[in-house]
Structures are given as C-alpha cells and as structure tokens.
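**Q**
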RNA sequence: GGGGCGGUGGCGAAAUGGCAGACGCAGCGGACUUAAAAUCCGCCGGAGUAAUACUCCGUGUGGGUUCGACUCCCACCCGCCCUACCA
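Numbering (my numbering), first residue to last: 5 to 840.
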C-alpha cells in the first residue's frame, strides 16, 4: 500500500486521544535521571488568541523538551496563565461579562491552540495567577516585602493613562504614551505603593555577570539600572534676610572636576525648595515679577505633555528665582534658576550649571546670557568658550587644582569638599562621593479591579497594617461594578462592605487598601509555583523547588528585557535574603526568539494590523507537524522571521516524501552479506549533526539536515542496501524527526516499524564518532587562493603525501606554470593552498 | 544624542578564518498524462565566449590583518528596533 500524501488529519486524530490517555508529557520523576526545567514566559492571554508568531516561542521549547526527554532527562515543561490585567477587564466591560469569565475564555483558547500545536506541556500543573489559591501567595510575597521594609507608600506625581484610567509605572510609558492603549499620558498626584527595587540595584547589576543570557538583554538591563558614579555637592543659599533659614541644595554630578566652572544652579520646576527660595520682597517691583514668573513657569511645565518636555531639540527654557547660592570653594554667588531640562526624579532634582563643559548647560547659558568659564582644556592652554568641551583634560582656572589631570583633580576636589571646603557649613562638609542609579522604585499600585488586592488594612490609629497571613487570601469581591470610575480610585473603593473591616492590630475600625497589584507581581514568582502547583503550606514546595530551580532554560521575547526579567530577579534576591531559597538568579539560561513579521507588510504580526495568521488555519490546511517544522525552518531561532504561506509547501512535500519512503523501502527480509558503507556513514553523520543542532537551538538547520538525509535516502533507493539497513535508517530518521514532527514519526514508528511503545518515550539514537566521516576526502587545491583542482586522499593522510599529490595535480601544474612554489599550506582534511 | 540588531541570488536562508549560496520557496525546461493536478528528472548570482570547457567579477562601501576574510580589525553608508535633556 502506497499512499501518495501523508494524511495528517487522520493521523493527528488517531494519536491525540491516545497520548492524552497515556499522559505522555507528565513531568518525569526518575531519581536516576537528570532534571531539566524548560520554561516559556508566563503568557498573558488576550482575546485574539494565538497567532503563528507565538509558535516561534512555544514550538522550540517543546522541541527542546522532547529532545531532552528522549535523551533521558526528567523534564519539567509547564504552562499557566498570567491572567490579571486590563485586556481581560476591558473585554469584560465591553461584553457585559465578568473579568473572571473573560480570563477563563482567553486562557481556554490559548490552551486549545497550544494543544493543537502538540506543545508537550504537563497540563496537570496548569494554574492561573487569578486563582485565589495562587494570588493568596502573591499577597503573601507582598507582605514579605512589606515586613522587610521593601514595600512603602508615597504620594507622588504619577503617570496616569486617561484611557485605561490607571496609574502606570515608568517602564509602562513609552514615548509619553501608554504601553497598552497608546494614549498620551498625563500626571496625577496619588498615594501609591512602591517596591524598593533600588535597594537591589547594585546586586541586580553585579549578578548579570553570572548568568547565561543574551548580551543585548544584559546591556539593556545595565542601561536601565543606569549606575553612575560621581559626587553630591552641597550648595548653601545666601539667606534672604538676617533671620531667614539657611537652605542647602545638594546637586549630583559625574564631573566634580568642573566645579570651578559653575556659573549657575538649575532646579527642576517641581523641586520642593523652589517656593521657599524664590525672592519674595513685595516692596520691590523686580522681585514681584520674579515670583510671578517662577509660579507661571512651574504651572507651564506641569501642563506640558511629556513628549514636548522630552524633545531634546527644543530650545531651553527657564526662569531666574532671584536667589543665589554660595560656591563651596570660591564663595562666589551663584544664581539659581529653574528649568524643565532638569528632572526632579533623577539624582537630587538639581544640577550645577557648567556651561563650559556640558552641552545642555552650554545651550542654557547661551540662551540666557549667563557667563561661561573654561576650566578644562585638552592641553592646559585656554581654548576659548566658543563651544563646550565635554572631554577630560587638564584643569585650568581652578585655583590650587589648576594643572592637574581632570580625573585626579575631580577626586581631590571632592576630597576637599568632604573635609569642609573653604566655606563653613553647619555640617562641616560640602559634599561626598556618591553613586546614583537611573532606575526608580517599582510602582505597583493599580487603580483597577482585576488584580490581586494589596493585603493591607489602613487603621486611623496604627497606620497601614499587614493582613495576617492566616486571613489570606484577601479575595476580590464578586461584583458587576468593576469598571473604572475615573476618580483615580479603584472600583473596589466603592464596595463599602468589602472596604470596611477591623484593624488586625488594635481591633478598631479599619479600611482595606483598595489598590490592586501590578500584574508583574504575579509573574515575579510563578516559576517557583510550577515545581509543585498544588502545594498548600506555602507559596512553593521547598523540596521540589530545590530539585527543579533555578529554571535551566527560559524562553520568551526580548520585549520583556527590563520589566518582567528585572522584577523576577529582584523578587528572587529578596526570597534568597529571607532564607526561602538558596539561589539568587531565577533563570540560568535565557533565550529570546525572534519576532514574527508578516510578509504582507514586513511588520510585526498583530490583530490591529490585520496581518495575523492563526495556527488553527495552518493546522487545518497543512497539519500540526508541517506548522511546527515550518516555524523552525523559517530562519534562525533568535532572528526575526517573515511568515510567508507559500513556503510551507516545501515542508508538506518533505512530509509526503518521508511518508512514501517509509512505506516503499523494503524493511523485512534477508540481511545482505556486506554492509553498504556510505549509507551507514551518512546515518552516523546525520545523528551527530542533528544532536548538536537540537542542543544548540539551531532548529532551522536541523530541519534542513533532515531534508538532506531524506534526499540521500531517496537517492539510495537505487543502491543495493539490505532490508535490515533500511530499517535501521528509517528508525533513526523517525527518532530524529520525532521532537519536531510528533505525529508522522509516531505513526511510522508504531504502524510501519511495528514498535509497541511511543516514539516519544524512545531513546535518542547514538552515533559512532569514527563513522561520522568518510574514509577518503576530496580536497580542493588552491593556487594563490583560487581553487584549481581537487585531489582525493585518505582521511588524515600524511601531510607530506598530501602536499606532493596536490602539487602534481594537473589543474595545479597548469597554473603553477613553471613558477617557483613559495609555500604550501595544508589544512588537514580541508584544503591545500599553494603560494607561488 | 545614546544603545542594540541587521545588510549574502527573484525570495527565506547556509557557511563564524579554509570550495560562498547547503536546504527550501518562486521561476524555467523536460518526463508521465487525452488534459490538468500530483509526482519524478534537469537548470537556476552576474559577465565574457558559437561552445563542452574555461576565465573573470561577486557577501552594503572603502581600507587593513592573513597563504587565505561573508567571517577578524578600522572608518563610513543604509535599514529596523529600543531609548532619550540621567547631570
């Protein structure tokens, strides 16, 4: 019986229920075997379901898991849902259902599609971050951070998305726009909860060196953390009157060496000291105008959209406050300005203006006619102030520091300030060495319903009090009234029954915190839960976590480079500090799959662009095996790939030919007396190659390697190969193909080859190194770097012999043409190059 | 402005110091067929030549290192992505 085409639908329908029945992908538990934990990023199910683009993530990890299982590993390859958050909630609002319902619908679709693609997850470990059994422990972790002083409340001017009606964290604002809905964001003052991730900045930076992550991701994290070494320098303000208070303005600078070049100070418009120091002497017309100007400017910069304010090419703006600071080393009066190019949230919210050596300060000074002083020069001679010089050099015009190298000088200037400078201060010093980080604390409050409630009770007498662990979870109340109200408070605030409670500390009346947690809290520890998702005694089972964690291979898109991946590292370090776990990095190896672009417009596949191809349609028309193989074949795992429907025909043809070959070649009968040598060598070569490529995430070349092996086998049908050898070749082929194309390989394995067990529980084939190359090799022989002839010699032949054979080859002689040979390079088993 | 990634046939790509274009798509020619589909065989970077053959050119551009460079180094051009007054 020879069937022309591989009947994918029939074969898939046959095996799906059988595999389910035998629980094929259950996590291994054999103490003799090594354990491997291979994990996909926690997906956030959306209403549009999966596109083939998602397969770029899930298929490779599945193939890897299958490969490891066949290589004798216990494999933990689980899947679950990061289901709190706005898409589910917005969908619920639009469709008049509850978010719990929309979340369930979305994750069911994801699961169905993943199963369609034959992703080999252990579904018995599935959970959702929205299960009270799960978020109970997310709340437990909140309390852990709270008790360790790492969760705190502060009032702050925060990003506010008018469309989503919620506060956003810094990293959720992209170019002044909301990362989810793309609306322009504004600012709003609210009491918020923060996690003190900045306490871990140094360790988050340092430990990057110990993990096997793509270098670009590490670089992005380093940039995000933004460590910057310099000094804090304190400027005192000349008192406005004899009795007035003496204010101090600390500034952060990376260039203390330029201190003698300071000609002004600039505060952020929102800086708390602005109102206090702005000259307020109503008897003079000038200062009244100043005060009005400052107030006016402050209002203006609040109103400016973030996009405008961040536009670096716009003209510098600012106003003078009327106040003067005292230069800590020279005692000179320094005018104090405010300007929106200084950010309150970085450093101290104030900078010293050094127009001679900072391009922004230069632009500002030029704009407002402020003096420019040159204090660094490349060669120690004044260069003039027509432009600003931002490099290091030799200090000039810097008192006793003149003539020093600016790096040395900077250190000495700070040392002088630490000792007290020339101008006395109350603290006895005018500065110190200081390291600043660009990273801010992690804002976790969300004024939305669909999230894990923050487990805090506000008591008028005791302040914010932790909900006792025994009272967890603080469940989300069932309500139909979950739409945001636009007043900046969570919808939970309107559910009085839920809000009103008693203080666990004093027993008096208390009110529940109504903010919910950022979804990134849920995804900061889920990888621990998978080790034993049904554990009830704590967030995770310490014994199973010891066994499986940290995650061996973690796979997802590069877009989470600074959010999820930084938060999860932070929580892991907190857990380690609390003695809960014995490792400090959650993901030993990270790999990023490339984006899937549509061939239609060359852009990322997304529902809004209308260029989505779903796995459902491809599996219906070509089968799951073809989809899987094609996804891998498109290009390198980590590179972006273009989805082009027409290319999948190549895979379909390949599977049809595999099907036919397996049915056509003779696999029973007498073993011939002699073994077909090249046939056997090719088998070993292919095993070696595919094994290496699978281990190395080089799935695209693994697929083409299998195609080449098939081409070889098809051609070998013309050769005299014994039935036994054919059988062995077809078995090997199916085993190598099994992780990529689980259905066709299983069908041939059991039905054609007659095995009784599943191919997915079979052992990966072994190869003999000695058989992975031929006895003879053909070497190209070059003359002056150009191939002129080929010689056939024995593998590992003696170099002298190779040289002689090469030189005497006719094509070579023709080109040497009597010239003298200067050098002969012999690269063993590769090539010969003759230099004449 | 800063950072990252990339640039190889008509297309997706392979080769990471050693025969550039494996493997596949599309295309062209042929076989089979009444015909088509499917399948199979062949060709498939450019130029020169009647031509087997052969020669030359060719991995964004220009230099360099090397017996030898898609690969390493320097400079530049182009595209995409991220980030942005971070003091």
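Built from N, CA and C at the ideal position, the CB exists for glycine as well.
Let's test the definition: count the other Cβ atoms within 10 Å of the Cβ of residue 715 and tell me whether it reaches 16, buried, or not, exposed.
**A** Answer is exposed; the Cβ neighbour count stays below 16.
**Q** Over the uninterrupted alpha helix (DSSP H) stretch that includes residue 667, give me the two end residues.
**A** Residues 652-668.
**Q** Who does residue 467 pair with in a DSSP beta bridge?
**A** Per DSSP, 463.
**Q** Going by alpha carbons, who is nearest to residue 266 out of 296, 365 and 803?
**A** Checking every option, the nearest Cα to that of residue 266 belongs to 365.
**Q** Answer with buried or exposed for residue 128, where buried requires no fewer than 16 other C-beta atoms within 10 angstroms of its C-beta.
**A** Residue 128 should be labelled exposed.
**Q** Would you give the residue range spanned by the alpha helix (DSSP H) that residue 151 belongs to?
**A** Start and end: 136-151.
**Q** Tell me which same chain residues have a C-beta within less than 6 Å of the C-beta of residue 205, skipping the five on either side of it?
**A** Only 229, 441 and 443 meet the Cβ criterion.
**Q** For residue 195, does the count of other Cβ atoms within 10 angstroms reach 16, so buried, or fall short, so exposed?
**A** By the 10 Å Cβ count, residue 195 comes out exposed.
**Q** List the endpoints of the continuous alpha helix (DSSP H) containing residue 637.
**A** 628-637 is the extent of the alpha helix (DSSP H) around residue 637.
**Q** Taking the C-alpha atoms as reference points, what is the distance between residue 550 and residue 259?
**A** Rounded to whole angstroms, residue 550 to residue 259 spans 47 Å at the Cα level.
**Q** Rounded to the nearest angstrom, what separates residue 566 and residue 223 at their Cα positions?
**A** Their backbone Cα atoms lie some 10 Å apart in a straight line.
**Q** Are at least three pairs of beta-carbons, each pair with one atom in the segment 53-64 and one in the segment 610-627, less than 8 Å apart?
**A** The segment 53-64 is in contact with the segment 610-627.
**Q** Are the Cβ atoms of residue 775 and residue 680 separated by less than 7 Å?
**A** Not closer than 7 Å, so no.
**Q** Indicate the three-state DSSP secondary structure (helix, strand or coil) for residue 529 in the structure shown.
**A** If DSSP states are grouped into helix, strand and coil, residue 529 belongs with coil.
**Q** Mind checking who residue 155 pairs with in its DSSP beta bridge?
**A** In the DSSP output, where bridge partners are listed per residue, residue 155 has 199.
**Q** Could you tell me the boundaries of the alpha helix (DSSP H) in which residue 228 lies?
**A** Start and end: 219-229.
**Q** Hey, out of 761, 631 and 589, whose CA is closest to residue 210's CA?
**A** Comparing Cα-Cα distances from residue 210 to each of 761, 631 and 589, the minimum goes to 589.
**Q** Does DSSP put residue 22 in a helix, a strand or coil?
**A** Helix at residue 22.
**Q** Does DSSP put residue 286 in a helix, in a strand, or in coil?
**A** For residue 286, the pLDDT reaches just 49, beneath the cut-off of 50, and the residue's location in the model is therefore unreliable, although a value from the coordinates is still provided. Residue state, collapsed to three classes: coil.
**Q** Are residue 147 and residue 470 touching if we call contact CB-CB under 7 Å?
**A** It is a contact, given that the beta carbons lie within the stated cut-off.
**Q** So for residue 715, helix, strand or coil by DSSP?
**A** It is helical.
**Q** Which residue marks the beginning of the alpha helix (DSSP H) containing residue 371, and which one marks its end?
**A** Unbroken alpha helix (DSSP H) run through residue 371: 363-372.
**Q** Could you spell out the range, first to last residue, of the alpha helix (DSSP H) harbouring residue 577?
**A** Its alpha helix (DSSP H) spans residues 568-581.
**Q** I'd like to check one pair, residue 800 with residue 816: are the Cβ atoms closer than 7 Å?
**A** Result no, Cβ atoms of residue 816 and residue 800 do not sit closer than 7 Å.
**Q** Would you mind working out which of 78, 703 and 594 sits nearest residue 639, comparing C-alpha positions?
**A** Closest option to residue 639, Cα to Cα, is 703.
**Q** Go to residue 734, then tell me how far its beta strand (DSSP E) extends in each direction, as first and last residue.
**A** Looking at the DSSP string, residue 734 is not in any beta strand (DSSP E); the run it does join, the alpha helix (DSSP H), is 727-741.
**Q** Who are the near neighbours of residue 693 in its chain, counting only those whose CB is closer than 6 Å to its CB and skipping five residues on each side?
**A** Once the five neighbours on either side are set aside, the close Cβ partners of residue 693 are 709.
**Q** Quick check: does the Cβ of residue 744 come within less than 6 Å of any heavy atom belonging to the ligand MG?
**A** Among the components modelled here there is no ligand, and therefore nothing to report on the ligand MG.
**Q** Could you tell me the alpha carbon to alpha carbon distance between residue 691 and residue 769, rounded to whole angstroms?
**A** So the alpha carbons of these two residues sit roughly 7 Å apart.
**Q** Out of 661, 489 and 192, point me to the one whose CA is closest to residue 721's CA.
**A** Of the listed residues, the one whose Cα sits closest to residue 721 is 661.
**Q** Over the uninterrupted alpha helix (DSSP H) stretch that includes residue 61, give me the two end residues.
**A** Segment 56-74, the alpha helix (DSSP H) holding residue 61.
**Q** Measuring alpha carbon to alpha carbon, tell me which residue in 665, 454, 791 and 664 is nearest residue 89.
**A** Comparing Cα positions, the closest option is 454.
**Q** Mind checking who residue 417 pairs with in its DSSP beta bridge?
**A** DSSP output for residue 417 lists no bridge partner at all.
**Q** Does DSSP classify residue 776 as helix, strand or coil?
**A** It is helical.
**Q** Could you tell me the alpha carbon to alpha carbon distance between residue 138 and residue 761, rounded to whole angstroms?
**A** Each residue's alpha carbon lies about 37 Å from the other.
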